[in-house]
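Numbering (the working numbering), first residue to last: 130 to 267. Each residue gets a CB set at the ideal place from its N, CA and C atoms; glycine is no exception. Input: a single structure, listed below in structure tokens.
The structure is reproduced here in structure tokens:
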């Protein structure tokens, strides 16, 4: 553990002093990648891009990083595929009612990002479409 910053010493000079001392001791010698150029970036090297890349590399869904209005819009786009995998009508109703509640909650929230342009879905109409998909064999 490093020592505490002494009172009256600026943070910058204290850190610089520690780095110079570590260099003098050779603590930076033989580090992996020493003498090699930094990897090229695609220009999108923001902190958010780093997080997104880490999440994707871990095989996770990045939609959780979206603002709620965009996450709901994406979920609406994916809804037909989601419902096609559901086998119980009660579960279809649960999914649509949950989505509708989140749509209503987003409409009640003060605008702090992209506006959600979706309206709550008609549960009965969605269930009827789901039934048609079951009977057609998809």
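Alpha carbon of residue i to alpha carbon of residue j, nearest angstrom
{"i": "residue 202", "j": "residue 247", "result": "7 Å"}
{"i": "residue 236", "j": "residue 265", "result": "35 Å"}
{"i": "residue 180", "j": "residue 135", "result": "34 Å"}
{"i": "residue 239", "j": "residue 146", "result": "48 Å"}
{"i": "residue 227", "j": "residue 215", "result": "15 Å"}
{"i": "residue 222", "j": "residue 252", "result": "7 Å"}
{"i": "residue 185", "j": "residue 191", "result": "7 Å"}
{"i": "residue 234", "j": "residue 187", "result": "30 Å"}
{"i": "residue 182", "j": "residue 207", "result": "22 Å"}
{"i": "residue 155", "j": "residue 164", "result": "15 Å"}
{"i": "residue 220", "j": "residue 132", "result": "58 Å"}
{"i": "residue 130", "j": "residue 167", "result": "With a pLDDT of 46 at residue 130, under the threshold of 50, the modelled position of this residue cannot be trusted; read the value that follows with caution. Spanning the two alpha carbons is a distance of roughly 28 Å."}
{"i": "residue 148", "j": "residue 141", "result": "11 Å"}
{"i": "residue 161", "j": "residue 139", "result": "31 Å"}
{"i": "residue 175", "j": "residue 159", "result": "28 Å"}
Cβ distance (whole Å) where residue i is taken to contact residue j below 8 Å
{"i": "residue 232", "j": "residue 211", "result": "Not a contact, Cβ separation roughly 15 Å."}
{"i": "residue 249", "j": "residue 229", "result": "4 Å"}
Own chain, CB closer than 6 Å to residue i, minus 5 neighbours either side, in chain order
{"i": "residue 255", "result": "225"}
{"i": "residue 143", "result": "134"}
Own chain, CB closer than 8 Å to residue i, minus 5 neighbours either side, in chain order
{"i": "residue 218", "result": "256, 259, 260"}
{"i": "residue 177", "result": "194"}
{"i": "residue 245", "result": "197, 198, 201, 202, 232, 235, 236"}
Under 8 Å between C-beta atoms of residue i and residue j
{"i": "residue 193", "j": "residue 262", "result": "no"}
{"i": "residue 243", "j": "residue 199", "result": "yes"}
{"i": "residue 157", "j": "residue 150", "result": "no"}
Run of the alpha helix (DSSP H) containing residue i, from where it starts to where it stops
{"i": "residue 183", "result": "176-186"}
{"i": "residue 234", "result": "218-237"}
{"i": "residue 151", "result": "140-154"}
{"i": "residue 196", "result": "Here residue 196 belongs to no alpha helix (DSSP H), and DSSP marks it neither H nor E."}
Cβ neighbours of residue i in the same chain (closer than 7 Å, five flanking residues each side left out)
{"i": "residue 196", "result": "242, 243"}
{"i": "residue 137", "result": "none"}
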